[in-house]
Each structure stands twice: as structure tokens, then as C-alpha cells.
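Heads up: the structure comes next, in C-alpha cells.
Numbering (mature numbering (1 follows the signal peptide of the UniProt record, and there is no 0)), first residue to last: -16 to -1, 1 to 199.
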């Protein structure tokens, strides 16, 4: 299910870009058409012999009676539409679940070669915690609630992993696995920071549709 939601995020992002370009093109044509109609209407009114008299009558009625003037065109309601809630373009669990699985599987594979119980326990602890937090974030997101605490927890774990792997790399100077895990942890820390700064995960489709109907 997480792979499906991540795939839909990319589809929605691409469709939004295409629709925005189409709307901008349609607005440009609409502006040209409205300008032409306005010019023709003004020319017809100016050529009419009763235009000054009608203008005086119209101004007198507007000043004295204050009647409403009906327009044939669409009338926009006063007020501003509510701004949509800010959110990231992709969910945290789209990368959080693979990241936790990578840390967990890396610890198990590393134990087969090194037989180091300390590295195994550390990898299982951090990998399992990342998997649990990202899975809970997916579950809470489906309910329409904020998953910010789980995103912050994953960010904290990735920061700790970054610090540990940078220290290990400074001592061993090995790109695999310490340098690789340091780079992955830094990228994930940046990703979690982006999600938090952007306003969290984007809401589910059901909540988006209900919000648009309410507005």
C-alpha cells in the first residue's frame, strides 16, 4: 500500500503541472476575447444617437433610487477563498519504510560476515524503530491525523545514525558500509526536514475532496 500511495504522489504532481499550463493558456485566450467584446460594445453604444440621454437617465436612477443594476455576465461573490493547507509533495513513509528496511537488512547481512553482536543489535534496534515509526505514520495518515511526531522521531534516528556512521568512517576510512550509510542517513535527514518545513504529509484524497466541497 505504501508503494501505491508513493506512486500516486508522483502521478498527482505530474498532472498538476500539466493542468496548470493548460489553465494558464486558457486564461490568455479568455483575456483576448473579453477585450474584443468590450471594444465592440463600446463602439455600438457610441454610434447610437440616444447614448447621452440614456447615460443621463442611468446616472439619475443610480443616484436617486439606488436600484441594483443586473448584469448579464457572471458576478463574483465577495470574500476570499480559503487558502489550501501547505504540505509536502511526497509522504515521509515513502522513503522511511525502505530506509528502515535497508538499515535492518544491512545489520543482518553485516553480522553474517563480521559476527559482531554489537553492530547487529544496533542495526536491528535502529532499523526496527525506523520501520515501526514509518508504518505508524502511514496508519495515522490514513485516519486523517497529523503524523508529525513520527516524522520527527524518524528524523532524530537518522541524525543519530549519521553521527555514528561519520565517526566510524573517520576511524576506518571505509566507504562500505560506513560511508554509504552516512550518505544515506544525511539524505534521509534532509528529506525529513523538508517534509516538516513544508507542513507535513499531504492529506488523503477523501479529505481533499471534502475540503474542496466545503469551500
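For every residue, glycine included, the Cβ atom is placed at its ideal position computed from N, Cα and C.
Three-state secondary structure (DSSP) of residue i
i: residue 85; result: helix
i: residue 166; result: helix
i: residue 148; result: helix
i: residue 160; result: helix
i: residue 133; result: helix
i: residue 181; result: helix
i: residue 93; result: helix
i: residue 69; result: coil
Host alpha helix (DSSP H) of residue i (start-end)
i: residue 112; result: 101 to 126
Counted within 10 angstroms of its Cβ, other Cβ atoms place residue i as buried (16 or more) or exposed
i: residue 98; result: exposed
i: residue 60; result: Below a pLDDT of 50, predicted positions are generally treated as unreliable, and residue 60, at 46, falls in that range; the measurement from the model is reported next regardless. Exposed, because fewer than 16 other Cβ atoms sit within 10 Å of the Cβ of residue 60.
i: residue 149; result: buried
i: residue 147; result: exposed
Nearest-angstrom Cα separation, counted from residue j out to residue i
i: residue 151; j: residue 90; result: 18 Å
i: residue 169; j: residue 128; result: 28 Å
i: residue 95; j: residue 105; result: 10 Å
Same chain only: Cβ atoms within 7 Å of residue i, ignoring 5 sequence neighbours per side
i: residue 178; result: 72
i: residue 108; result: 88, 91
i: residue 153; result: 162, 163, 166
Sequence-distant residues of its chain with Cβ nearer than 6 Å to residue i (five each side left out)
i: residue 186; result: 71
i: residue 102; result: none
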